[in-house]
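Note that full-length UniProt numbering gives residue 146 to position 146 of the sequence shown, counting from 1, and the numbers run on in steps of one. The block underneath contains the structure these notes are about, expressed in structure tokens.
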Amino acid sequence: MPYTVKDVLNLNLMKKARVRTAENTLHTRAVSSVSVIEMPVEDFVQKHELVLTTAIGCNNDDETFRQFVLDIIRSEAAALVIATGRHVVKIPEHIIQLADRYHFPIIETPWEIRFSDITRAVLSRLNDWHKDHLKRSEELQRVLLNLFLSGATLSNAAEAIHQKLSTPVVITDKKGMIKGHSKKADLLIHSIQSFLQTSRMEEIFQQESSIAGFKIQTAHKVQGYLFFPYPSENAEFSPDPKEEQPLQHALTALALWFQREDAIEETKTHLKDEFVWSLAKGEIEDWDKAATRAKSFNYNIHLPYVCILSIPENMETLFNRSASGGITYDHWLFDQICLLEEQMIEAGEMLKRKVMTTYHQEHFVIFLETDTDRVHESIGEYLNLVEKKVKNLLPGLVMSWGIGENHAGVKTFSQSYNDARIALYIGRRQKGPGHRSTYANTGIFRALFALSKNPEMEEIALSTIGSLIDYENQRGLDLIHTLTMYIRHKGNISQTSRALNLHRQSLVYRLRKIESLTGRSLENPDDLFLLDLSIKLWTTGMVLNQK
1 MPYTVKDVLN LNLMKKARVR TAENTLHTRA VSSVSVIEMP VEDFVQKHEL
51 VLTTAIGCNN DDETFRQFVL DIIRSEAAAL VIATGRHVVK IPEHIIQLAD
101 RYHFPIIETP WEIRFSDITR AVLSRLNDWH KDHLKRSEEL QRVLLNLFLS
151 GATLSNAAEA IHQKLSTPVV ITDKKGMIKG HSKKADLLIH SIQSFLQTSR
201 MEEIFQQESS IAGFKIQTAH KVQGYLFFPY PSENAEFSPD PKEEQPLQHA
251 LTALALWFQR EDAIEETKTH LKDEFVWSLA KGEIEDWDKA ATRAKSFNYN
301 IHLPYVCILS IPENMETLFN RSASGGITYD HWLFDQICLL EEQMIEAGEM
351 LKRKVMTTYH QEHFVIFLET DTDRVHESIG EYLNLVEKKV KNLLPGLVMS
401 WGIGENHAGV KTFSQSYNDA RIALYIGRRQ KGPGHRSTYA NTGIFRALFA
451 LSKNPEMEEI ALSTIGSLID YENQRGLDLI HTLTMYIRHK GNISQTSRAL
501 NLHRQSLVYR LRKIESLTGR SLENPDDLFL LDLSIKLWTT GMVLNQK
């Protein structure tokens, strides 16, 4: 329990003091320091400070005195001790009423009690209290360390804190899941769980006045929380999360449980990742053994799955925009990848579909359980939900998707993965970042890819549009894009000029320049086909410019 105003009044030299207001709050008002203050107050008074005053600066002016007391109240001082007999003969009734309205203690002391004696006595008691509190904190840490080394649970740790501090406690993970609790903690558990039904864990300290809590963390990572009922009038310790954490020793010890769980979870995650990656690479030799291994991860590989690949495109940009709190990009990226993977798994759970994921070579590899007769609908529902959750988690994140729907089915993991990889690669080259690409939509580009394997095709493509590429490099005029838009709009001059935001005559000039550079006629279907084919090979990177 903190040192309070009531403890101050129990000092021998305060026996003649008289409590004028808010007497029923004295045992709950913590005292952390003491000072002598006269007008003006400004920023000189700290929270929980015992303020001593003669009110000499008020010059017997009631309004000045009222403002002085109001400033002390607003500074969240512990109490105001007024020496009467010289500058204040009697505390005015309107001051008493003001303090009562704010439930703020005003204490009257005789003039002959020296402020220096009060200050010395209070500081001495505060020093003793801090020493005792530190000693008890260290003792509690030793108890918790012994419990950890003996393999005890977090509920055992919570009960040890309960026994030491005489207040029920609850320990949760960072999401609010109960990891351990002491006896007599039912009401506290109910308060936490009720809050989390409508609000996020991060908001509990700002919105829930009946709960006080401290972060359990290692380095920059919050592992969980230690909760108390607040305020706790009869407890050995009355927590205030806004003050320096007096339970730091206990919190350090509690972090060990979370670190041990993290180490176990990281090992399990690594094994899961290896397993999912082996499915993608087609490295399964014995499906019975694989099924047994999958079961240990709560996977079922006998269900139909479709592979989805994803690349988060602009993580570094988001990191540079964020308030990173001093952590490195690699550390931040690791945390965000874990959070994104959680969203992908949670989306599957919400749709009641099994999901197997891993992050490998800057790609998310997702195997989504699907209905073989409605593959596209299953994928659409899932990705819509994932993107919604990701938008809330990381606003502005751009994600590209490749979908291997062509080989959705049972034990077709590797085939579906290869399809998704092709869809992602071609989709990004064709549309740029931030789109969904299915394997079916890449048919023309797979055909082009097969053509590009022929060395003669590369020679034909470069001889057809090589002059356009050179002209662009030398003059900066994007004739290939102009020709692409012309072909896309089926040779319609008006539509093409609008799409390019060009004057009609400027477009005609460019088209004539294309014909003169290539020696091909845009009116000739064969020439137009060859130009279109060459451009597609060029823009998808299947034919490399050696010039």
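In this text, a Cβ means the ideal position worked out from N, Cα and C, and glycines have one as well. Bear in mind the structure is a predicted one, so any value in this text is a computation, not a measurement.
Point to revise | Run of the alpha helix (DSSP H) containing A347, from where it starts to where it stops | key: Your numbering for residue 347 matches position 347 in the sequence shown. Taken as a continuous stretch (DSSP letters only), the alpha helix (DSSP H) holding A347 covers Y329 to M350.
Exercise for review: Enumerate in chain order the residues of its own chain whose CB-to-CB distance from K389 is below 8 Å, with the five nearest sequence positions on each side excluded.
Suggested key: Along the sequence shown, read from residue 1 onward, the residue named residue 389 stands at position 389. Result list for K389: Q343, E346 and A347, in chain order.
Check your understanding: In chain order, what residues of the same chain have a beta carbon less than 6 Å from the beta carbon of I514, not counting five sequence neighbours either side?
Key -> Taking the sequence shown and counting its residues from 1, the one referred to as residue 514 is at position 514. The residues are L479 and L483.
**Study point:** For Q217: DSSP bridge partner residues
**Key:** Your numbering for residue 217 matches position 217 in the sequence shown. V222, per the DSSP bridge assignment.
Review point. Residue ranges of each beta strand (DSSP E) run of no fewer than 3 residues wholly in the segment 132 to 192, ordered along the chain?
Key: 170 to 173 and 178 to 181
Check your understanding: Under the three-state reduction of DSSP, which class applies to R18: helix, strand or coil?
Key -> As a first step, residue 18 must be located in the sequence shown, where it is residue number 18. R18 falls in the strand class under three-state DSSP.
Practice item. Reducing DSSP to helix, strand and coil, say where T518 ends up. Key: Within the sequence shown, residue 518 is the residue found at index 518, counting from 1. Of the three classes helix, strand and coil, the one that applies to T518 here is helix, per DSSP.
Check your understanding: For I72, which three-state DSSP category applies?
Key -> Sequence index remark: in the sequence shown, residue 72 carries index 72 (1-based). In this structure, I72 counts as helix in the three-state DSSP scheme.
**Study point:** Three-state secondary structure (DSSP) of S210
**Key:** Locating residue 210 in the sequence shown gives position 210, counting from the first residue. Reduced to three states, the DSSP call for S210 is coil.
Check your understanding: With DSSP run on the structure shown, which of helix, strand or coil describes H270?
Key -> Against the sequence shown, residue 270 aligns to sequence position 270. Looking at H270 - three-state DSSP - the assignment turns out to be helix.
Review point. How long is the line joining the alpha carbons of V69 and I95, rounded to whole angstroms?
Key: Walking along the sequence shown from the start, residue 69 turns up at place 69. Walking along the sequence shown from the start, residue 95 turns up at place 95. Between the C-alpha atoms of V69 and I95 there is a straight-line separation of about 8 Å.
Check your understanding: Nearest to N300 by alpha carbon, out of S310, I308, K289 and S494?
Key -> Counting from one through the sequence shown, the residue named residue 300 turns up at place 300. Across the set S310, I308, K289 and S494, the C-alpha of K289 shows the shortest separation from the C-alpha of N300.
Point to revise | Counted within 10 angstroms of its Cβ, other Cβ atoms place F529 as buried (16 or more) or exposed | key: In the sequence shown, the residue the question calls residue 529 occupies position 529. Exposed, by the Cβ-count rule.
Review point. Is W538 helix, strand or coil by DSSP?
Key: Position 538 of the sequence shown holds residue 538. Three-state result, W538: helix.
Review point. Span of the beta strand (DSSP E) holding A83?
Key: Here residue 83 is taken as the residue at index 83 of the sequence shown, counted from 1. From DSSP, the beta strand (DSSP E) with A83 extends over A79 to T84.
Exercise for review: State the DSSP-derived secondary structure class of T28, mapped to helix, strand or coil.
Suggested key: Walking along the sequence shown from the start, residue 28 turns up at place 28. DSSP places T28 in helix when its eight states are reduced to three.
Exercise for review: Could you work out which residue in V355, S150, D273 and A121 is closest to L383 when comparing CA atoms only?
Suggested key: To locate residue 383, count along the sequence shown from 1; it is residue 383. If we check each option's Cα against that of L383, V355 comes out closest.
Check your understanding: For the candidate residues T442, R86 and S416, whose alpha-carbon lies nearest to that of G427?
Key -> Position 427 of the sequence shown holds residue 427. Comparing Cα positions, the closest option is T442.
Point to revise | Opposing strand residues paired with E108 [DSSP bridges] | key: The residue labelled residue 108 in the question sits at position 108 within the sequence shown. Its beta-bridge partners are R18 and I82.
Review point. Where does S310 fall in DSSP's three states?
Key: To locate residue 310, count along the sequence shown from 1; it is residue 310. Three-state result, S310: strand.
Point to revise | Close beta carbons around E138, own chain, < 7 Å, minus the five adjacent residues each side | key: The sequence position of residue 138 within the sequence shown is 138, counting from 1. Counting only Cβ-Cβ distances below 7 Å, and skipping sequence neighbours, we find H249.
Check your understanding: Should the segment 9 to 28 be regarded as contacting the segment 45 to 56, the criterion being three or more beta carbon pairs within less than 8 Å?
Key -> no
Practice item. Taking 8 Å as the cut-off, decide whether the C-beta atoms of V36 and D71 are in contact. Key: Within the sequence shown, residue 36 is the residue found at index 36, counting from 1. Within the sequence shown, residue 71 is the residue found at index 71, counting from 1. Taking 8 Å as the Cβ cut-off, V36 and D71 do not qualify as a contacting pair.
Exercise for review: Spatial neighbours of A255 within its chain, please: CB distance less than 8 Å, with the 5 preceding and 5 following residues excluded, ordered by chain position.
Suggested key: By 1-based counting over the sequence shown, the position of residue 255 is 255. Once the five neighbours on either side are set aside, the close Cβ partners of A255 are I216, Q217, T218 and Q223.
Review point. In three-state DSSP terms, what is A235?
Key: Here residue 235 refers to the residue found at position 235 when the sequence shown is read from its first residue. Bear in mind that a pLDDT of 46 at A235, under 50, signals an unreliable position, so the number given afterwards is only what the model happens to contain. Three-state DSSP puts A235 in coil, outside helix and strand.
Point to revise | Selected residue, minimal CA-CA separation from S296, among P312, E285 and F275 | key: As a working note, residue 296 is residue 296 in the sequence shown. The shortest CA-to-CA distance from S296 to any of P312, E285 and F275 is the one to F275.
Check your understanding: Exposed or buried, what is P2 when buried is set at 16 or more other beta-carbons lying within 10 Å of its beta-carbon?
Key -> By 1-based counting over the sequence shown, the position of residue 2 is 2. Buried, since its Cβ has 16 or more Cβ neighbours within 10 Å.
Point to revise | Exposure label - S150; buried when at least 16 CB within 10 Å | key: Looking up residue 150 in the sequence shown gives position 150. Classification of S150: exposed, given that the 10 Å Cβ count is below 16.
Check your understanding: Does DSSP classify F227 as helix, strand or coil?
Key -> Numbered from its first residue, the sequence shown carries residue 227 at position 227. If DSSP states are grouped into helix, strand and coil, F227 belongs with the strands.
Review point. When the distance is taken between beta carbons, is L123 closer than 8 Å to A78?
Key: By 1-based counting over the sequence shown, the position of residue 78 is 78. By 1-based counting over the sequence shown, the position of residue 123 is 123. Result no, Cβ atoms of A78 and L123 do not sit closer than 8 Å.
Review point. Can you give the beta carbon distance from residue 551 to L531, rounded, assuming they're within the 8 Å contact cut?
Key: Lying before the first or after the last residue shown, residue 551 is absent from the chain, which here runs from 1 to 547.
Point to revise | Contact set for R293: own chain, Cβ-Cβ below 8 Å, skip 5 residues either direction | key: As a working mapping, residue 293 is identified with position 293 in the sequence shown. Within the same chain, R293 has close Cβ partners F275.
**Study point:** Local Cβ density within 10 Å of F364, reported as buried at 16 or more and exposed below that
**Key:** Residue 364 sits at position 364 when you count from the first residue of the sequence shown. Answer is buried; the Cβ neighbour count reaches 16.
Point to revise | Assigned exposure category for V89 - 16 Cβ within 10 Å defines buried | key: For this step, residue 89 is matched to residue 89 along the sequence shown. Answer is exposed; the Cβ neighbour count stays below 16.
Practice item. Please report the residue range of the beta strand (DSSP E) in which V355 lies. Key: Within the sequence shown, numbered from 1, the residue matching residue 355 stands at position 355. From DSSP, the beta strand (DSSP E) with V355 extends over V355 to H360.
Review point. Any idea what DSSP makes of E243, helix, strand or coil?
Key: For the purposes of this step, residue 243 is taken as residue 243 along the sequence shown, with counting starting at 1. Below a pLDDT of 50, predicted positions are generally treated as unreliable, and E243, at 43, falls in that range; the measurement from the model is reported next regardless. Note: E243 maps to coil in three-state DSSP.
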